[in-house]
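Data block below; observations after.
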Amino acid sequence: MAASISFALSAANEATAPPERRGLARDGVRLLVTDVAARAQCHAAFRDLAAFLRRGDLLVANDSATIPAALLARRRDGTAFALHLSTKIADDLWIAEPRELREPLAEGERATLAEDANATFLAPVDAAHPRLWYVLLNAAPPLDAFLARNGAPIRYRYVTEQFPLADYQTIFARVPGSAEMPSAGRPFTPRVLAALRASGIDLATITLHTGVSSPERHERPYHEWFDVSPATAAAVNATRLRGGRVIAVGTTVVRALESAYADGESVAASGWTELIVTPERGVHVVDGLLTGFHEPEASHLDMLRAFADAPLLERAYAEALDAGYLWHEFGDAHLIVPAM
485 MAASISFALS AANEATAPPE RRGLARDGVR LLVTDVAARA QCHAAFRDLA
535 AFLRRGDLLV ANDSATIPAA LLARRRDGTA FALHLSTKIA DDLWIAEPRE
585 LREPLAEGER ATLAEDANAT FLAPVDAAHP RLWYVLLNAA PPLDAFLARN
635 GAPIRYRYVT EQFPLADYQT IFARVPGSAE MPSAGRPFTP RVLAALRASG
685 IDLATITLHT GVSSPERHER PYHEWFDVSP ATAAAVNATR LRGGRVIAVG
735 TTVVRALESA YADGESVAAS GWTELIVTPE RGVHVVDGLL TGFHEPEASH
785 LDMLRAFADA PLLERAYAEA LDAGYLWHEF GDAHLIVPAM
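Reminder that position 302 of the sequence shown reads as 786 in our numbering, one-by-one numbering, no gaps.
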């Protein structure tokens, strides 16, 4: 799967800390609006989001909460490495990413964790590219309490320091399970939600637990657990029936809603999805997308092409780069308004 947009991302365009730590409110980040019908962009503050939607639209957000998924692990020789939990398969079985390793892991190798817990590396998820592993965790239950005591939010090199878990939660966070924050929902505040309600814009939620992101160009998006409730499916169908637009808050919402589509309508569904949304497949449920800015050649850029063609997206990204927009989970936002 080839990504559609290639560009150079400089350090100046990377958000290194939450906006609140940079003197801004959560909803004070910038908003680039791409109007598909007009084939044009405009610039705003996120707090003015309601001005770019219309009465009868439905925003659908992800209510998955971020877990403290980064653990410190030690090998038998005492060397330390980071273990990032990604996807929960069962109570004690996870897909996880070991990082900062000096030597490759061996199948069956056991690493120690805090509180006499341990992790056994069963096998790589993909033997040809052993970045992710099936890992058996042995920790005193309940695991969420163990993680609360010993884990931290996953942090990548561009974030300058370790920030508390609260900085990695959205206003919608309700169901713990995401290894990384569903960051498109982060700029929402009570003020923004009140403005949306006053403008006649409805809100619904889905749940999709995100795994760790991938910097590997050969990796396809892997399976994730999702839930679309009967109430959300009904809200989507009612919105479309009356001519309103369904706007997904993040690529995770697109994946969930498009996975819960059958016989021409949105349906309640729950389970694992392997769906990959591409311009060739298109979208059947979602009309527009509110998202962050994605890294060069990321697979998510292919999903964006289901909403806007490559030349329009290339122009939007070039404008964002030139205007100093910020990337990553603490960065700015991009609204793709549908041509309808």
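The C-beta atom is built at its ideal place from N, Cα and C for all residues, glycine as well. Quantities reported herein were computed from a predicted structural model and do not represent experimental measurements.
Beta-ladder partner(s) of residue i, from DSSP
i: Gly755; result: Phe710
i: Ala519; result: It is worth fixing the name first, because residue 519 is Asp in this sequence and not Ala. Per DSSP, Ala524, Val821.
i: Ile638; result: DSSP, once it has assigned bridges, lists no residue as partnering Ile638.
i: Pro608; result: Trp617
i: Val643; result: For Val643, which the question treats as bridged, DSSP gives no partner whatsoever.
i: Val730; result: Leu542
i: Ile579; result: Thr571, Tyr618
Spatially closest choice to residue i from the options, by CA coordinates
i: Pro589; options: Val730, Ile573, Tyr618; result: The question names Pro, but residue 589 is Leu in the sequence shown. Nearest of Val730, Ile573, Tyr618 to Leu589, Cα basis: Tyr618.
i: Gln653; options: Glu742, Ala668, His784, Arg641; result: Ala668
i: Leu627; options: Asp576, Thr563, Glu587; result: Asp576
i: Val712; options: Val513, Pro705, Leu515, Ala545; result: Ala545
i: Asp561; options: Arg586, Ser494, His527, Glu581; result: Arg586
i: Arg615; options: Leu555, Glu584, Leu759; result: Glu584
i: Val643; options: Val767, Pro503, Arg724; result: Pro503
i: Ile579; options: Ile731, Ser662, Asp747; result: Ser662
i: Leu493; options: Leu819, Ala807, Ser548, Ile820; result: Ala807
i: Arg724; options: Ser750, Ala549, Thr736, Leu680; result: Ser750
i: Leu597; options: Phe565, His613, Ala521; result: Phe565
i: Thr762; options: Asp793, Pro714, Ala800; result: Asp793
i: His613; options: Gly772, Asn622, Glu581; result: Glu581
i: Ala607; options: Gly592, Ala601, Leu621, Asp600; result: Gly592
i: Gly772; options: Val738, Glu764, Leu796; result: Val738
i: Gly734; options: Val770, Ala529, Ala528; result: Val770
Residue i - DSSP class collapsed to helix/strand/coil
i: Asp771; result: coil
i: Asp600; result: helix
i: Val761; result: coil
i: Glu803; result: helix
i: Thr550; result: strand
i: Arg558; result: strand
i: Leu725; result: helix
i: Val660; result: One detail in the question is off: residue 660 reads as Pro in this sequence, not Val. Looking at Pro660 - three-state DSSP - the assignment turns out to be strand.
i: Val513; result: coil
i: Glu584; result: coil
i: Ser667; result: helix
i: Glu498; result: strand
i: Ala595; result: strand
i: Pro503; result: helix
i: Glu779; result: coil
i: Ala590; result: coil
i: Ala529; result: strand
i: Ala624; result: coil
i: Glu798; result: helix
i: Ala746; result: strand
i: Ala487; result: At Ala487, the pLDDT of 47 sits below 50, so the modelled position is not reliable and the matter cannot be decided from this model.
For residue i, the first and last residue of its enclosing beta strand (DSSP E)
i: Ser570; result: 564-572
Endpoints, the alpha helix (DSSP H) within which residue i is located
i: Thr736; result: 735-743
i: Asp786; result: 784-788
i: Ala688; result: It is not in any alpha helix (DSSP H) - Ala688 instead sits in the beta strand (DSSP E) that spans 686-692.
i: Arg675; result: 674-682
Cα-Cα separation, residue i to residue j
i: Gly815; j: Glu779; result: 12 Å
i: Glu498; j: His812; result: 7 Å
i: Arg538; j: Thr518; result: 15 Å
i: Asp686; j: Pro671; result: 17 Å
i: Ala487; j: His784; result: Only weak support exists for where Ala487 lies, its pLDDT of 47 falling under 50; the value from the coordinates is given anyway. Using only the alpha carbons, I get a separation of about 8 Å.
i: Pro822; j: Phe536; result: 11 Å
i: Ser570; j: Trp756; result: 14 Å
i: Arg681; j: Ile551; result: 29 Å
i: Arg633; j: His568; result: 15 Å
i: Arg799; j: Leu759; result: 28 Å
i: Met485; j: Glu599; result: Residue confidence for Met485 is low, a pLDDT of 39 falling below 50, so the modelled location carries little weight; the figure read from the coordinates is stated next. When rounded, the distance between both Cα atoms is 42 Å.
i: Ala534; j: Ala678; result: 10 Å
i: Leu692; j: Ala790; result: 20 Å
i: Ala554; j: Arg514; result: 29 Å
i: Ala718; j: Arg726; result: 12 Å
i: Ala611; j: Arg729; result: 43 Å
Interface flag, residue i vs chain D, CB-CB below 8 Å
i: Val696; result: Looking for chain D here will not work: only one protein chain is present.
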